[in-house]
Every structure is written in structure tokens, then in C-alpha cells.
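Counting from 2, one number per residue, gives the positions in the sequence shown under our numbering.
Built from N, CA and C at the ideal position, the CB exists for glycine as well.
Only a predicted model underlies this, so the values are computations on that prediction, with no experimental measurement involved.
The block underneath contains the structure these notes are about, expressed in C-alpha cells.
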Amino acid sequence: MQNNPIIDLPPSRTVNRLNAITLIIILGTYIYLAFVFPGLPEEVPIHFNFAGEADHWGNKAFILIFPLIFTIILLPLHFLQRTPYMHNYPVKVTDENASRLYQLGRLLLAVMNVEMALLMALITWAMVQSSKGYPLLNAGIMIAFLILPLVTTLVFIIKMIKSK
Numbered sequence: 002m003q004n005n006p007i008i009d010l011p012p013s014r015t016v017n018r019l020n021a022i023t024l025i026i027i028l029g030t031y032i033y034l035a036f037v038f039p040g041l042p043e044e045v046p047i048h049f050n051f052a053g054e055a056d057h058w059g060n061k062a063f064i065l066i067f068p069l070i071f072t073i074i075l076l077p078l079h080f081l082q083r084t085p086y087m088h089n090y091p092v093k094v095t096d097e098n099a100s101r102l103y104q105l106g107r108l109l110l111a112v113m114n115v116e117m118a119l120l121m122a123l124i125t126w127a128m129v130q131s132s133k134g135y136p137l138l139n140a141g142i143m144i145a146f147l148i149l150p151l152v153t154t155l156v157f158i159i160k161m162i163k164s165k
């Protein structure tokens, strides 16, 4: 375990706004599902191939499990923002750079949460639309959502190295 300096650093306004956006996306997804669930067919797409076509179908209750799993993944990441001194950083954390690195670490998690919430909402919406005969996903969208978190992480690693 690293012995990073522990400093009292409140989350930035940007982090708070991103956390609010994440919450709005998650709640919006659940509200959307509450409205459309009764009208869904008994079988809905539960898996999509790389081209974005549904290739496996299952009971419509599965569509409720998917956002729940994402929420369970997002919650620990949200709470991890509160302890930036426990994060791993690409540079040595010192008293001089701790504040900047911790701000970047929190911001990275907040941005990643928004990206994952958007992915959850998009896939949930695509599952609903595909069950109604309107496939929405394609390879470009899938690739973008695979690359986006990697690019985000890389950008923040570079920022952290530069703030050393």
C-alpha cells in the first residue's frame, strides 16, 4: 500500500456537476424503463454481436438486471472519489503535487462514471428499441464506447505525469 499524503480536499464544482449528471442519467434510465417495461414483448434482446445486431434473446426481466449491474459497478467508483489518497497514480505523490493529483484522480473517476452511465443508458435504450424492431447499435458506436474510456484514461495519465 502506498503512503500517499492524506489531505482534506473537497470535490471540485466540476466533479460535483459530473456526479449529478451521472445520477440524472441513471435515474433517467430507470424512469425510462418504468414507462416502457409494461409494453415490452416477453422476449427482448440481451446480447448484441459486434455489428450491433441482437444475437441472443431472453426474458424481458433481464432488461432490468442490466442497469442494476451498472449501478452496482458505479457506486464503488463514486465512493472511491472520496479517498483520492488511496488511488494509484503514474507518478510519486508528494506533499507538493498531492492536491493536483487528487483533483485529477477524482475528476477521472467522475468522467468515467458519466461515460459508463451513458453506455448503460445507450445499451438499455438499444435493447428496448431492438425489441420493438428498431435496431440502433452498429460497429461504430460499439467501437466508440470501447475506445472512449481508454482515451479518457490516457488523457488523465498524461495530465498527471505533466503535473508531477
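With respect to the 8 angstroms criterion, P6 and D96 are classified as neighbours on the basis of their beta carbons. Apart from sequence neighbours up to five positions away, the residues of its chain that approach F63 with a beta-carbon distance below 6 angstroms are I47, ordered along the chain. Per DSSP, F49 is one residue of the beta strand (DSSP E) stretching across E44 to F49. Judged by DSSP secondary structure, N5 falls outside any beta strand (DSSP E); it is assigned neither H nor E. Membership of G53 in any beta strand (DSSP E) is not indicated, and neither H nor E is assigned to it by DSSP. Note that the C-beta distance between V156 and Q82 is not below 8 angstroms. Using a 10 angstroms sphere on the CB of K93, the tally of other CB atoms stays under 16, which defines it as exposed.
For the 8 angstroms CB-CB criterion, I32 and A118 do not form a contact.
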